[in-house]
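Chemist: In my numbering, the protein residues as written are 663 to 864.
Pasting a structure here, questions to come.
See the structure below:
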């Protein structure tokens, strides 16, 4: 009986700890993690309902319920050729929002903030999720700059394309490192993240 009571106490303490951690994260970062996770889980489940099978890649998901917009998207890097900043510059690799540039399942992209405010989450076919974290002096209207780590990657994997992107969530003008990390570590999307990581290594 004492063992059973001890297990109940431990479970309760662990649950309270994670609830406190979750509440602290939300209050500090401003992320409503529940709404983000629900949103992405609904994309995945809706796709499975339509096809009857699990989606094998992000491209297989049903994006039809999201508004789409035609844009011209260009690849860019944190380097001098794209930003005019060299390594060692205090703002090298730092976006307008303050977060570091990142190529991951959710990558940082630059946009005209009058069209896509900071924090806007886009699905960009052939690239993946892009989170608007930056603006560019030359970006006007329906234009995006998609972050890549090297100039070679820009030319080999993207270059410049006109295409339709899907607006998953409109931004509120803010983005933090914690929000970006929470998106990339969302458990429901880790299978897609592993696929992304594998494809980037090729």
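Glycine included, every Cβ here is placed at the ideal spot set by N, Cα and C.
1) Which runs of the alpha helix (DSSP H) at least 4 residues long sit entirely within the stretch 732-758? Give them in chain order.
2) State whether the stretch 841-860 contacts the stretch 801-820, with contact taken as three or more CB pairs (one from each stretch) at a distance under 8 Å.
3) Candidates 754, 767, 749: which alpha carbon is nearest residue 849's?
4) Can you list, in chain order, the residues of its chain with a C-beta nearer than 6 Å to that of residue 778? Leave out the 5 residues immediately preceding and following it.
5) Distance, Cα to Cα, residue 781 vs residue 764?
6) Can the beta-carbon of residue 730 be found closer than 9 Å to that of residue 829?
7) By a C-beta neighbour count over all protein chains shown, 10 Å radius and 16 as the cutoff for buried, is residue 841 buried or exposed?
8) Give me the DSSP bridge partner(s) of residue 762.
9) How long is the line joining the alpha carbons of residue 833 and residue 665, rounded to whole angstroms?
10) According to DSSP, simplified to helix, strand and coil, what is residue 844?
Modeler: Judging by the given coordinates:
1) 742-745
2) no
3) Here residue 849 refers to the residue found at position 187 when the chain shown is read from its first residue. Taking only the C-alpha atoms, the option nearest residue 849 is 767.
4) For this step, residue 778 is matched to residue 116 along the chain shown. Cβ within range, chain order: 794.
5) For the purposes of this step, residue 781 is taken as the residue at position 119 of the chain shown. For the purposes of this step, residue 764 is taken as the residue at position 102 of the chain shown. Distance between the alpha carbons of residue 781 and residue 764 is about 14 Å.
6) Position 68 of the chain shown, counted from the start, is the residue given in the question as residue 730. Position 167 of the chain shown, counted from the start, is the residue given in the question as residue 829. A contact, by the Cβ cut-off of 9 Å.
7) Taking the chain shown and counting its residues from 1, one reaches residue 841 at position 179. Residue 841 comes out buried.
8) Taking the chain shown and counting its residues from 1, the one referred to as residue 762 is at position 100. 756, per the DSSP bridge assignment.
9) Here residue 833 refers to the residue found at position 171 when the chain shown is read from its first residue. Here residue 665 refers to the residue found at position 3 when the chain shown is read from its first residue. Cα-Cα distance, rounded: 49 Å.
10) Here residue 844 refers to the residue found at position 182 when the chain shown is read from its first residue. In this structure, residue 844 counts as helix in the three-state DSSP scheme.
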